[in-house]
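In the numbering used here, the protein residues as written are 46 to 196.
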């Protein structure tokens, strides 16, 4: 199972943990990253690397960047991905989110995000967007519900 965590997911373990939701999402992201060392495959991309490099807090940027060490695949942004991202953009998906979605689709991965509005837009266009998208907590609960973690 290939998983693509967008940058809002990757930042969760380093966000302010006072909110219950953020804490749950952070714990789910950590569990998923651990799963990527024992069976699942983490996919990362040039757009993830660029977005991480734009994090203004250098310590947080380095911490988030270090999570990519478990990635088994790196998606390079090419013309096909840019074209697909443009199509997603026309559906109301922002530029970076569209690039993440196109990168995940190109790798055959599912997309995990903590962005509820992105999930809503993608589900609205499910007939045109074949990739599955989940909140990390929701996905982790689904794949571990039956005791197997092979989703």
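Don't be surprised by glycine CBs; every beta carbon is placed ideally from N, CA and C.
Straight-line CA distance for residue i to residue j?
i           : j           : result
residue 179 : residue 46  : 14 angstroms
residue 143 : residue 118 : 19 angstroms
residue 101 : residue 61  : 16 angstroms
residue 88  : residue 115 : 9 angstroms
residue 148 : residue 157 : 12 angstroms
residue 172 : residue 125 : 20 angstroms
residue 113 : residue 169 : 30 angstroms
residue 90  : residue 56  : 15 angstroms
residue 70  : residue 138 : 22 angstroms
residue 78  : residue 136 : 30 angstroms
residue 36  : residue 48  : Only positions 46 to 196 of the chain appear in this structure, which leaves residue 36 out of reach.
residue 131 : residue 181 : 25 angstroms
So, for residue i: in the same chain, excluding its five sequence neighbours on each side, which residues have a beta-carbon less than 6 angstroms away from its beta-carbon?
i           : result
residue 167 : 174, 178
residue 110 : 97
What does the Cβ neighbour count give for residue i, buried or exposed, with the cut at 16 atoms within 10 Å?
i           : result
residue 150 : buried
residue 161 : exposed
residue 64  : exposed
residue 153 : exposed
residue 121 : exposed
residue 96  : buried
residue 190 : exposed
Between which two residues does the beta strand (DSSP E) harbouring residue i extend?
i           : result
residue 121 : Where residue 121 is concerned, there is no enclosing beta strand (DSSP E), given that its DSSP letter is neither H nor E.
residue 157 : 155 to 157
residue 90  : 86 to 90
Can you list, in chain order, the residues of its chain with a C-beta nearer than 7 angstroms to that of residue i? Leave out the 5 residues immediately preceding and following it.
i           : result
residue 134 : 140, 143
residue 67  : 57, 60, 61
Nearest to residue i by CA position, among the options, is which residue?
i           : options           : result
residue 128 : 145, 70, 112      : 145
residue 188 : 165, 105, 155, 93 : 155
residue 93  : 50, 85, 105       : 50
Kindly list the residues whose CB is nearer than 8 angstroms to the CB of residue i, restricted to its own chain and excluding five residues on each side of it in sequence; keep chain order.
i          : result
residue 53 : 158, 159, 160
Answer yes or no: the CB of residue i versus the heavy atoms of the ligand ADP, is any distance below 7 angstroms?
i          : result
residue 76 : No copy of the ligand ADP occurs in the structure displayed, which carries no ligand at all.
Just reading off the alpha helix (DSSP H) that residue i is part of, what are its end residues?
i           : result
residue 55  : 52 to 56
residue 145 : 140 to 152
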